[in-house]
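*Asks:*
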Amino acid sequence: MHRLPKKLTKEFSYNKQEKLKSRKQLDALFKKGKSFTAFPLKVFFAFADDMQDNIIKTGVGVSSRHFKKAVHRNRVKRLLREAYRTEKLSLHEALGQRNKKLAVFLLYIDKTLPEYILLKEKMQLCIQRLIHEVDIKNT
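For the sequence shown, full-length UniProt numbering gives the first residue as 1, with consecutive numbering after it.
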C-alpha cells in the first residue's frame with residue numbers, strides 16, 4: 001500500500017484543535033456571523049480574533065428533522081468532514097497569508113443522503129467563496 005509523506009498527512013488531517021466545539025464560539029458565529037448557501041450546504045462563517053490556537057475552526061451539522069435515524073445523520077457528517085478535510089488546504093493558505101482567523105459551520109440542508117462526489121464539488125465551491133470573503137474582508 002502506498003503511503004503519503006508525513007508532511008502531507010498533517011496537512012490533510014482534521015484534528016481536535018480544528019473542530020469548532022465551544023458553545024460561546026458557536027453562539028457568536030450564529031448571532032454575528034454571515035452565511036451563504038451552496039445547495040445542499042449552508043455555510044455560516046465569522047472572523048474570530050479571539051481564537052488562540054488555530055487559524056480556522058470548523059463544525060458540521062445535519063438536521064434531525066430531515067434524517068430521523070442517527071446512523072444517517074452520522075454518515076452525512078462523516079462525508080462532510082471528509083470533503084472538508086481534503087479541500088481545506090487552499091483556505092488555510094489564504095487565511096495564513098492574510099493573518100485572519102475564521103470560524104465556520106457547515107450545515108447539510110438537503111433531505112436525501114448525498115453522494116460523496118457531489119459533496120466534494122460543493123465543498124470546493126464553498127471554500128472558494130470563503131476565500132473570496134476573506135479577500136473582501138482584507139481590503
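Where a beta carbon is used, it is the ideal one built from N, C-alpha and C, also for glycine.
What does the Cβ neighbour count give for residue 37, buried or exposed, with the cut at 16 atoms within 10 Å?
*Replies:* Working through the sequence shown from its first residue, we reach residue 37 at position 37. Exposed, since its Cβ has fewer than 16 Cβ neighbours within 10 Å.
*Asks:* Taking all protein chains shown into account, decide if residue 30 is buried (16 or more other Cβ within 10 angstroms of its Cβ) or exposed.
*Replies:* Along the sequence shown, read from residue 1 onward, the residue named residue 30 stands at position 30. Looking at its Cβ environment, which holds fewer than 16 other Cβ atoms inside 10 Å, residue 30 is exposed.
*Asks:* Should residue 86 be labelled buried (16 or more other beta-carbon atoms within 10 Å of its own) or exposed?
*Replies:* As a position in the sequence shown, residue 86 is number 86, starting the count at 1. The residue in question, residue 86, is exposed, as its Cβ has fewer than 16 Cβ neighbours within 10 Å.
*Asks:* Which whole runs of the beta strand (DSSP E) in the stretch 40–107 are 3 residues long or more, in chain order?
*Replies:* The stretch 40–107 contains these whole beta strand (DSSP E) runs: 41–47, 56–62.
*Asks:* Within 10 Å of its beta-carbon, does residue 57 have 16 or more other beta-carbons around it, so buried, or fewer, so exposed?
*Replies:* Position 57 of the sequence shown, counting from 1, holds the residue named residue 57. Burial call: buried.
*Asks:* Expressed to the nearest angstrom, what Euclidean distance is found between the alpha-carbon atoms of residue 79 and residue 121?
*Replies:* Counting from 1 along the sequence shown, the entry for residue 79 is found at position 79. Counting from 1 along the sequence shown, the entry for residue 121 is found at position 121. Cα to Cα, the separation comes out at about 12 Å.
*Asks:* Apart from the five residues on each side of it in sequence, which residues of its chain come closer than 8 Å, Cβ to Cβ, to residue 46?
*Replies:* On the sequence shown, position 46 is the one that residue 46 refers to. These residues qualify, in order along the chain: 28, 29, 32, 33, 34, 102, 103.
*Asks:* What are the boundary residues of the alpha helix (DSSP H) that residue 120 is part of?
*Replies:* In the sequence shown, counting from the first residue as 1, residue 120 sits at position 120. Unbroken alpha helix (DSSP H) run through residue 120: 116–138.
*Asks:* Would you check if the stretch 56–76 and the stretch 8–26 touch, i.e. whether three or more CB-CB distances between them fall below 8 Å?
*Replies:* Yes: at least three Cβ pairs fall under 8 Å.
*Asks:* What's the C-alpha gap between residue 71 and residue 96?
*Replies:* In the sequence shown, residue 71 corresponds to position 71, counting from 1. In the sequence shown, residue 96 corresponds to position 96, counting from 1. Rounded to the nearest angstrom, the two C-alpha atoms are 36 Å apart.
*Asks:* Measuring only the C-alpha atoms, how far is residue 131 from residue 125?
*Replies:* Position 131 of the sequence shown holds residue 131. Position 125 of the sequence shown holds residue 125. Residue 131 and residue 125: Cα-Cα distance of roughly 10 Å.
*Asks:* Secondary structure at residue 111, three-state DSSP: helix, strand or coil?
*Replies:* As a working note, residue 111 is residue 111 in the sequence shown. Residue state, collapsed to three classes: coil.
*Asks:* Which residue marks the beginning of the alpha helix (DSSP H) containing residue 31, and which one marks its end?
*Replies:* Stepping through the sequence shown from its first residue, residue 31 is reached at position 31. Unbroken alpha helix (DSSP H) run through residue 31: 23–32.
*Asks:* For my contact list, residue 113 and residue 84 are in at a C-beta cut-off of 8 Å; report their separation, rounded to the angstrom.
*Replies:* By one-based count along the sequence shown, residue 113 stands at place 113. By one-based count along the sequence shown, residue 84 stands at place 84. About 18 Å separates the two Cβ atoms, so there is no contact after all.
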